[in-house]
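Only one structure is covered here, and it is reproduced in the block below.
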Ligand code: CP
Ligand code: NVA
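Numbering (my numbering), first residue to last: 17 to 333.
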């Protein structure tokens with residue numbers, strides 16, 4: 017939990033990063049999300065926990081899943097969402113971050129933001145009187161990995177003694193995945209090329225926050241997937257890094273998730289990808305569409321997790 021008492025109002029709860037959010041609060045988000053998922057699947061509707069509430073959604077980058085899942089989650093909970101495109105708000109250019117936060121939190125009940133700089137989300141949180149949610153920054157993607165944990169829990173029926181192997185870029189998704197695996201007691205390995213590893217500071221922070229972090233870093237995808245229950249990858253070229261494409265593609269080529277790599281993992285291992293996937297680049301069609309892929313369950317859980325999160329932050333759950 018990041019309860020922040022602002023000059024403008026009482027304490028509120030933001031969701032900016034997995035760390036330092038308290039484990040019981042993360043578990044509570046998941047419990048509420050699971051309850052609302054079952055409720056929606058069995059009755060076709062949810063309790064109007066966010067009736068009359070409005071979520072502002074600021075996007076500096078494109079999105080399919082994050083944008084639509086937050087909007088639909090608000091609708092299912094009886095509220096609504098407003099999409100604010102990069103051109104409209106001009107954060108830090110047309111209007112300062114503190115001013116935008118003050119104005120939006122006067123109109124809306126919560127703010128979700130997808131930004132380049134992580135400091136932009138932290139700045140919004142500092143000056144908003146209402147909860148602020150990180151919908152992805154260059155640093156982290158906490159809502160994504162909470163939906164991923166839901167998917168892992170559903171697939172295996174537990175989170176005990178599981179091994180997650182992330183293969184690819186040590187990026188925002190990898191960092192949040194390390195943090196949630198550390199907090200949930202899941203063993204985490206990453207195989208990344210030299211120069212694209214997770215930074216030592218993030219690894220140290222995860223070690224400090226999780227009592228027995230079982231972490232391993234390697235440059236070998238085969239080593240990482242050996243004994244893995246979950247094999248996870250993401251794009252090699254995150255939003256904002258498009259100009260590095262020609263340099264990155266040959267470096268990352270040995271890190272593709274394909275049939276040969278899966279042959280080194282246990283047959284029960286599942287494959288995850290936060291999407292959007294660049295088919296034939298970081299993952300083959302055969303694997304993405306194959307029997308070990310849980311990628312589309314994972315994508316659907318974005319909706320269910322957002323509901324749990326919003327029901328707690330806005331709906332008093
Ligand atoms: N995984 C994810 O965040 O997808 P979008 O970029 O489409 O929101
Ligand atoms: N690492 C990717 C995640 C997309 C959901 C990016 O930042 O573009």
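For glycine and all other residues, C-beta sits at the position ideal for the given N, C-alpha and C.
Determine the closest residue to residue i out of the options, with distance taken between C-alpha atoms.
i           : options           : result
residue 249 : 259, 258, 277     : 277
residue 155 : 32, 84, 114       : 32
residue 310 : 171, 232, 209     : 171
residue 60  : 91, 142, 76, 297  : 91
residue 312 : 28, 101, 226, 168 : 168
residue 67  : 228, 130, 95, 80  : 95
residue 181 : 78, 330, 190      : 190
residue 228 : 256, 195, 207     : 195
residue 143 : 131, 162, 118     : 118
residue 231 : 204, 208, 254     : 204
residue 270 : 291, 242, 235     : 235
Between residue i and the ligand CP, is there a pair consisting of the residue's CB and a ligand heavy atom that are separated by less than 6 Å?
i           : result
residue 291 : yes
residue 144 : no
residue 80  : yes
Pop quiz: residue i and residue j are said to be a contact at Cβ under 8 Å. What is the actual Cβ separation, rounded to whole angstroms?
i           : j           : result
residue 153 : residue 165 : About 19 Å separates the two Cβ atoms, so there is no contact after all.
residue 327 : residue 93  : 6 Å
residue 275 : residue 302 : 6 Å
Work out the CA separation of residue j and residue i for me, nearest whole Å.
i           : j           : result
residue 110 : residue 36  : 32 Å
residue 157 : residue 188 : 6 Å
residue 178 : residue 244 : 8 Å
residue 299 : residue 322 : 26 Å
residue 214 : residue 237 : 15 Å
residue 333 : residue 45  : 9 Å
residue 97  : residue 86  : 8 Å
residue 246 : residue 149 : 27 Å
residue 200 : residue 317 : 18 Å
residue 306 : residue 272 : 15 Å
Does the beta-carbon of residue i, which I'm using as the reference point, lie nearer than 6 Å to any heavy atom of the ligand NVA?
i           : result
residue 254 : yes
residue 251 : yes
residue 183 : no
residue 187 : yes
So, does the region 56-72 touch the region 117-126, judging by three or more C-beta pairs under 8 Å? yes
Pairs of beta-carbons, one from the region 211-224 and one from the region 281-301, closer than 8 Å: are there three or more? no
Could you say if the region 220-234 and the region 261-271 meet the contact criterion of at least three C-beta pairs nearer than 8 Å? no
Does the region 313-322 touch the region 44-53, meaning 3 or more C-beta pairs lie closer than 8 Å? yes
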